[in-house]
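Report on one structure; see the data block that follows.
Numbering (the UniProt record's numbering), first residue to last: 1 to 311.
Here it is as structure tokens:
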């Protein structure tokens with residue numbers, strides 16, 4: 001007779017039998033009993049990756065010959081009638097391309113790709129040799145929902161964007177930043193904001209292991225569950241703020257600090273103006289980011305050769 005799984009008594013998971021600790025060199029892994037057998041399956045020894053970065057370095061190495069590739073997936077038109085044309089995204093794409101080129105990225109723009117086409121681009125990108133690059137950046141400008149983005153003809157999970165760039169699948173990016181900039185809704189909630197008053201007062205060779213999903217950075221235009229606003233002439237609030245802040249500060253601050261500046265600008269400098277629809281009028285937005293970086297990412301200008309940037 002199969003042993004039933006223990007019931008969950010409450011959200012806290014206090015039941016001592018709910019999880020089973022699997023002893024792994026003194027640390028414990030919490031897992032269902034059914035999953036234990038998977039832990040002990042013999043796995044093939046994975047080859048060691050060459051990472052030219054010491055484990056305890058505080059900063060990412062940004063002294064490679066190239067900054068890296070930046071791919072922009074710009075979606076304006078869709079096959080699905082329920083998805084409206086994204087007027088203003090051309091302004092976003094143009095501004096973002098100029099900002100990234102200014103930061104020495106090699107920018108590739110793709111317009112209105114189907115999912116099959118987008119998937120093929122990602123496959124090709126993961127097969128590229130990134131050894132001479134500092135990092136990789138992928139930007140998506142589209143409609144979306146929580147953990148979902150729309151290609152021209154269908155939706156897909158955001159996992160599609162990063163699963164093939166882990167060190168085991170893209171070794172030349174091992175230990176290097178993988179940056180994602182996502183301009184898309186994550187739901188249909190509105191943020192009405194709140195009015196506030198301010199009171200003014202007067203290295204040798206060695207090896208080490210790394211998690212597969214280390215060195216990823218995700219910058220989102222809005223928080224999960226909420227709308228992301230876009231001006232039909234100037235572009236989205238998030239990309240406007242992103243370009244403004246990085247144009248001004250990319251040589252002065254690290255990447256994550258500048259993303260905090262982006263959050264501030266989105267939060268305080270923008271407000272919807274739809275007086276004919278009071279439920280949508282004077283709404284606010286806050287961008288966010290998820291940082292899985294393991295070092296500080298700060299860029300410097302790439303050197304010039306014969307008057308031309310090396311990139």
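Note that beta-carbon positions come from the ideal geometry of N, C-alpha and C, so glycine has one too.
Going by alpha carbons, who is nearest to residue i out of the options?
| i | options | result |
| --- | --- | --- |
| residue 82 | 152, 288, 94 | 152 |
| residue 167 | 236, 64, 129, 285 | 129 |
| residue 138 | 70, 93, 160 | 70 |
| residue 236 | 94, 248, 68, 79 | 94 |
| residue 164 | 126, 226, 80, 267 | 126 |
| residue 192 | 89, 63, 84, 280 | 280 |
State the DSSP-derived secondary structure class of residue i, mapped to helix, strand or coil.
| i | result |
| --- | --- |
| residue 106 | strand |
| residue 159 | helix |
| residue 82 | coil |
| residue 66 | strand |
| residue 239 | helix |
| residue 218 | strand |
| residue 73 | strand |
| residue 289 | strand |
| residue 247 | helix |
| residue 274 | coil |
| residue 182 | strand |
| residue 188 | coil |
Specify, as a first and last residue, the run of the beta strand (DSSP E) that residue i falls within.
| i | result |
| --- | --- |
| residue 296 | Counting along the chain, residue 296 falls outside any beta strand (DSSP E), and DSSP gives it neither H nor E. |
| residue 148 | 148 to 150 |
To the nearest angstrom, report how far apart residue i and residue j are at their CA atoms.
| i | j | result |
| --- | --- | --- |
| residue 240 | residue 171 | 33 Å |
| residue 162 | residue 143 | 18 Å |
| residue 219 | residue 101 | 18 Å |
| residue 300 | residue 278 | 46 Å |
| residue 298 | residue 255 | 6 Å |
| residue 67 | residue 105 | 5 Å |
| residue 275 | residue 284 | 14 Å |
| residue 232 | residue 76 | 11 Å |
| residue 73 | residue 149 | 11 Å |
| residue 272 | residue 133 | 39 Å |
| residue 135 | residue 286 | 26 Å |
| residue 259 | residue 169 | 28 Å |
| residue 124 | residue 107 | 15 Å |
| residue 246 | residue 262 | 8 Å |
| residue 264 | residue 303 | 32 Å |
Counting along the chain, where does the alpha helix (DSSP H) carrying residue i start and finish?
| i | result |
| --- | --- |
| residue 140 | Where residue 140 is concerned, there is no enclosing alpha helix (DSSP H), although the beta strand (DSSP E) it sits in stretches over 136 to 141. |
| residue 116 | 115 to 127 |
Output yes if chain C places a C-beta closer than 9 Å to the C-beta of residue i; else output no.
| i | result |
| --- | --- |
| residue 177 | This model lacks chain C altogether; it includes just one protein chain. |
Sufficient close CB pairs (3 or more, under 8 Å) joining the stretch 147 to 163 to the stretch 106 to 125: yes
May I ask you to verify whether the stretch 247 to 259 touches the stretch 182 to 193, counting CB pairs closer than 8 Å and requiring at least 3? no
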